[in-house]
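When we follow my numbering, the leftmost residue of the sequence shown carries the number 1, and every step to the right adds one. For every residue, glycine included, the Cβ atom is placed at its ideal position computed from N, Cα and C. As the structure is a computational prediction, the values presented were derived from the model and not from experiment.
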Amino acid sequence: MFTREILLEARWHALRRRVWWSALDNMERGILSIAARDIDDVKSTLLNVKLVRILAKIKEASLGRFARQVRDFGGRRAKEISSIGVKFGSCLSGGWVDEVFARYFAFMSLNMLIGWSI
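Set out below in structure tokens:
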């Protein structure tokens with residue numbers, strides 16, 4: 001499943017995004033470094049599972065504040081507004097739930113004054 005190139009690229013990405021030290025503990029850094037250095041193809045199921053978890057942690061830590069806000073708040077808020085539009089009888093409002101609408105709500109929430117809400 002994982003090759004040396006994939007693991008080295010993941011390690012490079014984590015170092016480059018400055019999440020190598022903050023997101024991973026010593027054991028996870030060691031597993032990824034040794035696997036990238038010494039193994040051509042990972043065949044162990046247990047090691048594959050551990051590497052998937054490590055790469056997921058790197059991906060999650062690499063997200064910026066705005067991307068997290070779009071994923072967590074914007075998508076949820078876009079679904080709520082779309083369902084309200086459907087309840088009011090607008091059949092087209094069911095198609096409002098997309099990335100652009102979620103980004104709009106995330107942007108509005110980040111730039112909102114304290115004490116105000118949408």
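Contact check, residue i vs residue j, beta carbons under 8 Å
i, j, result
"Phe-73", "Ala-23", "no"
"Leu-8", "Ala-36", "yes"
"Thr-3", "Asp-38", "no"
"Ala-102", "Val-52", "no"
Where residue i falls: helix, strand or coil (DSSP)
i, result
"Asp-40", "coil"
"Ser-90", "coil"
Whole-Å CB distance - residue i paired with residue j, under 8 Å assumed
i, j, result
"Ser-82", "Val-97", "5 Å"
"Val-86", "Gly-94", "5 Å"
"Leu-113", "Phe-66", "About 18 Å separates the two Cβ atoms, so there is no contact after all."
"Val-19", "Ala-56", "Contact flag wrong, Cβ pair sits at about 12 Å."
C-alpha gap between residue i and residue j, whole angstroms
i, j, result
"Met-108", "Lys-59", "25 Å"
"Ile-54", "Leu-32", "8 Å"
"Gly-89", "Glu-80", "15 Å"
"Tyr-104", "Ala-14", "29 Å"
"Asn-156", "Trp-21", "In the structure displayed, the chain extends from 1 to 118; residue 156 sits before or after that span and is not available."
"Leu-46", "Trp-12", "23 Å"
"Ile-84", "Arg-68", "24 Å"
"Gly-30", "Ala-78", "41 Å"
Alpha helix (DSSP H) segment containing residue i, residue limits
i, result
"Met-108", "99-110"
"Arg-53", "45-62"
"Val-144", "Since the first residue shown for the chain is 1 and the last is 118, residue 144 is missing from the structure and cannot be characterised."
"Ile-6", "4-16"
"Ser-22", "20-23"
"Arg-120", "Look at the range of the chain in this structure, 1 to 118, and you will see that residue 120 is not part of it."
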